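Enquirer: Start counting the sequence shown at 3; every next residue gets the next number (our numbering). Here a beta-carbon is modelled for each residue, glycine too, at the ideal position from N, C-alpha and C. In this text the structure is predicted, and so the values were computed from the model without any measurement.
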Amino acid sequence: MVNQLMNSLVQEKVARPEICGDGQDNDGNGQVDENCNVSNIPQDDNKSPQVEPEKEICGDGQDNVKCKVSCANNGQVDENCNVSNIPQDNSQSSDEKKNFDKFGVLKIHATKQDGEQWYLKSNPNDDPRYSPQTTLTKNSDGSFKVKSTKVRMGIFTSSGFHPEQINTLNHNKIAQAGFMQSPNDWRDVEITGYVKLNSGNNDNFVWYARGGRHTGYGSPQGCEGVAYKGGLFYSGATRWEKEQWHSGGYVFAEFGKNIGPIKGKWVGLKVIMYNIVQNDKTAVKLELWVDKSNNNNWIKATEKIDKGGWGNNGRECGGKPDQIITWGGPIAAFRWDGATDVDIKKFSVREIVPQL
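1) Could you tell me whether the region 251-270 touches the region 175-187, using the rule of 3 or more Cβ pairs below 8 Å?
2) Is it right to say Val355 is buried, meaning 16 or more other beta carbons lie within 10 angstroms of its own, or is it exposed?
3) Assuming the contact rule is C-beta atoms closer than 8 Å, Gly340 and Asp205 should be a hit. Round their C-beta distance to whole Å, please.
4) Can you say whether Pro130 is buried or exposed, counting buried as having 16 or more other CB atoms within 10 angstroms of its CB?
5) According to DSSP, simplified to helix, strand and coil, what is Ala179?
6) Met275 and Arg212 - do their beta-carbons sit closer together than 8 Å?
7) What residues match up with Trp291 in a beta bridge as DSSP calls it?
8) Quick one: is Gln280 buried, meaning 16 or more other Cβ sit within 10 Å of its Cβ, or exposed?
9) Assign Asp308 to one of two classes, buried (16 or more other C-beta atoms within 10 Å of its C-beta) or exposed (fewer than that).
10) Would you decide whether Lys348 is buried or exposed? Buried here means 16 or more other CB atoms lie within 10 Å of its CB.
11) Near Asp343, which residues of its chain fall below 6 Å by C-beta distance, leaving aside the five closest residues on each side in sequence?
12) What does the alpha-carbon distance come out to for the pair Asp324 and Trp300?
13) Give me the Cα-Cα distance between Lys152 and Lys198, rounded to the nearest whole angstrom.
14) Return the chain-ordered list of same chain residues with a C-beta closer than 7 Å to the C-beta of Lys140, the five sequence neighbours on each side being excluded.
15) So who's on the other strand from Phe235, going by DSSP bridges?
16) With burial defined as no fewer than 16 other Cβ atoms inside 10 Å of the residue's Cβ, what is the status of Ser160: buried or exposed?
17) Assign Asp128 to one of three DSSP states: helix, strand, or coil.
18) Hey, quick one: how far does the beta strand (DSSP E) through Leu138 stretch, first residue to last?
19) Taking 8 Å as the threshold (C-beta atoms), are Gly195 and Leu1 in contact?
20) Are Glu192 and Trp247 touching if we call contact CB-CB under 8 Å?
21) Between Ile110, Arg337, Asn127, Leu122, which lies nearest to Tyr236 when the distance is taken from Cα to Cα?
22) Determine the direct distance from the alpha carbon of Trp209 to that of Gly233, and round the result to whole angstroms.
23) Between Thr240 and Leu290, is the Cβ-Cβ spacing less than 8 Å?
24) Are the CB atoms of Ile326 and Gly310 within a distance shorter than 8 Å?
Next up, the structure:
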């Protein structure tokens, strides 16, 4: 009877199947994983269990495939990805990023290295370089509403505005110095702003620079109010004007492109001015650009070169009759009249390196 029991146990042990891949002799014959194809079976080797690698994120320029526990990346970037069709988010220092300002607005001309820059802050009333002379109400989308019918928004350089530091208002002497108040006065600049005219007619948006306060009439006080002014009319017309002194020394260029009525929609306006040399003499290049569809697609609407012969009122302030405004001024400005409801956004003034 004992022999029968032993034979039964042996037969049962022999009959047990081999469990492939567990590293043990399951059928008791002294062999491990016999008759098994172990090449397709994961090996343990007493190591930490393998962890599913993270998936590669195509187009981010990083090696994402790595184990989540105790193992390194696989050393490949964007493997098995077709990155040619993936938009690249280049770093801020790339040439592409340098083509846009901090608001994402396309630059026509590059910002001067270590040059003057100003951007509209989220709380403009706390900005010592901003003299809005009007009430700004913040909209839910981050833009601002302006309901004043007479707007003069003055922007100072980092030196601020100090009229006591303006040593002379004689334009001939200012031209020799190259600036009105400080060496870093606004001269070669790109002035940008988006506006939405909700109500108003028969006037224009004007960005300008190269002078100070626009007060008084004629010499001497009015001689501070000198400027080149680029205007976008509510009708869509565009034009450059030159103010040789405030408020009677105006001369106007011909009208440029008309983009059509702008009421009820966002439009961008860029006013650009910079010195150039023509025939060994200093002249001033004036460019006016518009983004009529609020999509960063800027077109040049009009331009003008003041090389002399434009204007005849310069003697009022000690200059030539057609005095070219070759100097910088402490105030750049955004101006409009005759509108009772305007939204604004992305205002900026940048000192530029002209792309000649």
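Expert: Quick answer:
1) no
2) Here residue 355 corresponds to residue number 353 of the sequence shown, with the count starting at 1. The residue is exposed, with fewer than 16 neighbouring Cβ atoms inside 10 Å.
3) Numbered from its first residue, the sequence shown carries residue 340 at position 338. Numbered from its first residue, the sequence shown carries residue 205 at position 203. Confirmed, about 4 Å.
4) The sequence position of residue 130 within the sequence shown is 128, counting from 1. Looking at its Cβ environment, which holds fewer than 16 other Cβ atoms inside 10 Å, Pro130 is exposed.
5) If you number the sequence shown from 1, residue 179 lands on position 177. Residue state, collapsed to three classes: helix.
6) Working through the sequence shown from its first residue, we reach residue 212 at position 210. Working through the sequence shown from its first residue, we reach residue 275 at position 273. In contact: Arg212 and Met275 (Cβ atoms closer than 8 Å).
7) Stepping through the sequence shown from its first residue, residue 291 is reached at position 289. Beta-bridge pairing links Trp291 to Lys272, Lys302.
8) By one-based count along the sequence shown, residue 280 stands at place 278. Classification of Gln280: exposed, given that the 10 Å Cβ count is below 16.
9) Translated into positions along the sequence shown, residue 308 becomes position 306. Buried, by the Cβ-count rule.
10) Residue mapping note: residue 348 aligns to position 346 of the sequence shown, counting from 1. Buried.
11) Looking up residue 343 in the sequence shown gives position 341. Apart from the 5 residues on each side of it in sequence, Asp343 sits with its Cβ closer than 6 Å to the Cβ of Lys149, Asn200, Ser201 in its chain, given in chain order.
12) Reading the sequence shown from its first residue, position 322 is the one you call residue 324. Reading the sequence shown from its first residue, position 298 is the one you call residue 300. Approximately 31 Å between the Cα atoms of the pair.
13) Counting from one through the sequence shown, the residue named residue 152 turns up at place 150. Counting from one through the sequence shown, the residue named residue 198 turns up at place 196. Near 16 Å, if we compare the C-alpha coordinates of Lys198 and Lys152.
14) Position 138 of the sequence shown, counting from 1, holds the residue named residue 140. Once the five neighbours on either side are set aside, the close Cβ partners of Lys140 are Phe146.
15) Looking up residue 235 in the sequence shown gives position 233. According to DSSP, which records beta bridges pairwise, Phe235 is partnered with Asn206.
16) By 1-based counting over the sequence shown, the position of residue 160 is 158. Here Ser160 is exposed. Its C-beta has fewer than 16 other C-beta atoms within 10 Å.
17) Taking the first residue of the sequence shown as position 1, residue 128 is located at position 126. Reduced to three states, the DSSP call for Asp128 is helix.
18) Walking along the sequence shown from the start, residue 138 turns up at place 136. Where Leu138 is concerned, the enclosing beta strand (DSSP E) stretches over 138-140.
19) Past the boundaries of the shown model lies residue 1; the chain is included only from 3 to 358, so the question cannot be answered.
20) If you number the sequence shown from 1, residue 192 lands on position 190. If you number the sequence shown from 1, residue 247 lands on position 245. No; because the gap between Cβ atoms is not below 8 Å, this pair is not in contact.
21) Here residue 236 corresponds to residue number 234 of the sequence shown, with the count starting at 1. Checked all of Ile110, Arg337, Asn127, Leu122; the closest Cα to Tyr236 is Arg337.
22) As a position in the sequence shown, residue 233 is number 231, starting the count at 1. As a position in the sequence shown, residue 209 is number 207, starting the count at 1. Approximately 7 Å, taken between the alpha carbons.
23) The residue given as residue 240 occupies position 238 in the sequence shown. The residue given as residue 290 occupies position 288 in the sequence shown. Yes, the Cβ-Cβ distance between Thr240 and Leu290 is below 8 Å.
24) Counting from one through the sequence shown, the residue named residue 310 turns up at place 308. Counting from one through the sequence shown, the residue named residue 326 turns up at place 324. Taking 8 Å as the Cβ cut-off, Gly310 and Ile326 qualify as a contacting pair.
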